[in-house]
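Numbering (our numbering), first residue to last: 1 to 135.
Worksheet: one structure, shown below.
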């Protein structure tokens, strides 16, 4: 499982979390974070971003941003796994077994929140309205 760690985005996140652990006397469980990274990379393995980069880089970037505001292991893992239920075959039940119920519930809640926001913007015409700029 450790071979997957050879990636600039992964190293950047883990280095930041390690620095937080030492600088702020916090305990972010890096072994659990590494496991979440493994799952994100595994389940998003066939997905690409519009740029052509592997999709799993997006959740790592989200986790980097979340780590600026939260030093909680569960919150950082939720950020890493936030698209897995929606976009992959990973289930809430599997997340609960491999991590815990709290993380599974948070990932699912983000999926529902995403859906509510999309419906809200679609209902207001925000997503369907086009604007043209004339010079």
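All residues carry an ideal CB built from backbone N, CA and C; glycine is no exception.
Under the DSSP assignment, residue 45 falls outside any alpha helix (DSSP H); it carries neither an H nor an E label.
Per the Cβ contact rule, the region 20 to 27 is in contact with the region 52 to 71 (3 or more Cβ pairs under 8 Å). By DSSP's assignment, residue 59 forms no beta bridge with any residue. When only Cα atoms are considered, residue 58 and residue 45 end up about 12 Å apart. Each of 40, 110 and 95 was checked against the Cα of residue 60, and the nearest Cα belongs to 40. Nearest C-alpha to residue 76 among 11, 36 and 50: 36. Of the residues assessed, residue 34 falls on the buried side of the cut-off, its CB having 16 or more other CB atoms within 10 angstroms. Non-local C-beta neighbours of residue 89 in its own chain, meaning closer than 8 Å and more than five positions away in sequence, comprise 43, ordered along the chain. Approximately 10 Å separates the beta-carbon atoms of residue 108 and residue 82; this is outside 8 Å, ruling out the contact.
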